[in-house]
Amino acid sequence: MTSPPPQAPADPVPAAPAAPDEAGTGALRSLLPVLGAHRATVLRTCLAALVDQAALVALVTLAAYTVGTAVTEHRPPTTATVAVLIGLVLLRALATWREMDLSHDLAYRVLAELRVRVFDGLARSAPARIAGRRSGDLAATALGDVEALEFFYAHAIAQLLASGMVFAVSAAVLAALGPWLLLAVVPAALLLMWSPLFEARGRAERGARTRSALAEVSSETVESVDGLRELLMAGALNRRRARLRSAGRGLARAQRAEQSWETGAGATRDLLVVAAVIGVVAAA
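Using the UniProt record's numbering, read the sequence shown as starting at 1 and increasing by one per residue.
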């Protein structure tokens, strides 16, 4: 009695691709564990950023109060007020320098670790898993991506945490002075927090177009330099120049579109801040 032939295992059902927002959130979370080995530096950076932003808020508030008092009551600022203003200016300058020093020290330490991980990963993968590509090209691409993370580690983490704490304290102070003042601040703050999420997909698409256009220009340039002798022998140098000009125009269009959108988004955020300030002044 013969046993039935074994059935071929069913093909695994591929998992549904993650939504762009989920993928972006997951990618953002994946950048945080590497900070675990630098908790002390992260804490010092956050503290310096907090002092920097708190000094700025205190300086702007005291300066506005001093100017308002001088205009409405015709009373010049006292010596103590001037001394406090000067002290706040010096404190903010020192805190800004310290925050930049600590944040960049943290960023470059993290980037050094990530570079080592990239090389280790390439060493384990090559030559079986590089899909016919040269390991040097893969390393250059990966290291370029690592360098792009400098802004996130040096200019985003501590600043966002400090901004959140300063806003929370400021909102509590406004609520104590007059709850109606929050009607001008909270909507603007919510819009400012929501705008990056609203722009995320479009920003990713524009950035991808810019990177693709830049990669095309780089590829055309390298191929032109490597094959210059063949191009001269075949009389195809003019056609290659035309391709380079076309690729350059495509890169310029992509960069203009990205920069125009970012400029408009920045102007919109500035208008929201101005509207919140005007609302607070009007409500007060």
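Even for Gly, the Cβ is constructed at its ideal location relative to N, Cα and C.
{"Item": "So, using beta-carbon positions, are A49 and A158 closer together than 7 Å?", "Value": "yes"}
{"Item": "Would you call the stretch 210-230 and the stretch 186-201 in contact, with 3 or more CB pairs under 8 Å?", "Value": "no"}
{"Item": "Is it true that the CB of L272 sits closer than 7 Å to the CB of A168?", "Value": "no"}
{"Item": "Around the C-beta of S103, are 16 or more other C-beta atoms found within 10 angstroms, so that it is buried, or is it exposed?", "Value": "buried"}
{"Item": "I'd like the ranges of any alpha helix (DSSP H) spanning at least 4 consecutive residues and lying wholly in the stretch 27-101.", "Value": "39-72"}
{"Item": "If distances are taken between C-alpha atoms only, which option among A252, L228, L191 comes closest to R241?", "Value": "L228"}
{"Item": "So S170 and V57 are supposed to be a Cβ contact under 8 Å. How far apart are they, rounded?", "Value": "7 Å"}
{"Item": "Counting only runs that start and end within the stretch 217-249, where is the alpha helix (DSSP H) found for 4 or more residues in a row?", "Value": "228-234"}
{"Item": "Can you tell me whether R44 is buried or exposed? The criterion is at least 16 other CB atoms within 10 Å of its CB, across all chains shown.", "Value": "buried"}
{"Item": "Nearest CA to the CA of A95: which residue from L122, F119, Q53, A154?", "Value": "Q53"}
{"Item": "Put A23 into one of helix, strand or coil per three-state DSSP.", "Value": "Note that A23 has pLDDT 49, beneath the 50 cutoff, so the model's placement of it is unreliable and the number below is only indicative. DSSP places A23 in helix when its eight states are reduced to three."}
{"Item": "Starting from R181 and walking both ways along the alpha helix (DSSP H), at which residues does that stretch end?", "Value": "The sequence as given places Leu at residue 181; Arg does not occur at that position. L181 -> no alpha helix (DSSP H), and no H or E assigned at all."}
{"Item": "Would A64 and A184 qualify as a contact pair, given that the criterion is a beta-carbon distance under 7 Å?", "Value": "no"}
{"Item": "By alpha-carbon positions, which one of R206, G202, V51, A148 ends up nearest to V110?", "Value": "A148"}
{"Item": "Name the two residues that bound the continuous alpha helix (DSSP H) containing A156.", "Value": "Unbroken run through A156: none, as it is neither H nor E."}
{"Item": "According to DSSP, simplified to helix, strand and coil, what is L272?", "Value": "helix"}
{"Item": "Between M193 and R269, what straight-line distance do the alpha-carbon atoms span, to the nearest angstrom?", "Value": "10 Å"}
{"Item": "Checking 7 Å against the spacing of the C-beta atoms, do L114 and V67 come in under that value?", "Value": "no"}
{"Item": "Helix, strand or coil for L149 per DSSP?", "Value": "coil"}
{"Item": "Taking only the alpha-carbon atoms, compute the straight-line gap between V281 and E99 and give it to the nearest angstrom.", "Value": "31 Å"}
{"Item": "Given a cut-off of 7 Å, decide if A254 and R209 are closer than it, judged by their beta-carbon atoms.", "Value": "yes"}
{"Item": "Return yes when the Cβ of L88 is within less than 7 Å of the Cβ of A40, no when it is not.", "Value": "no"}
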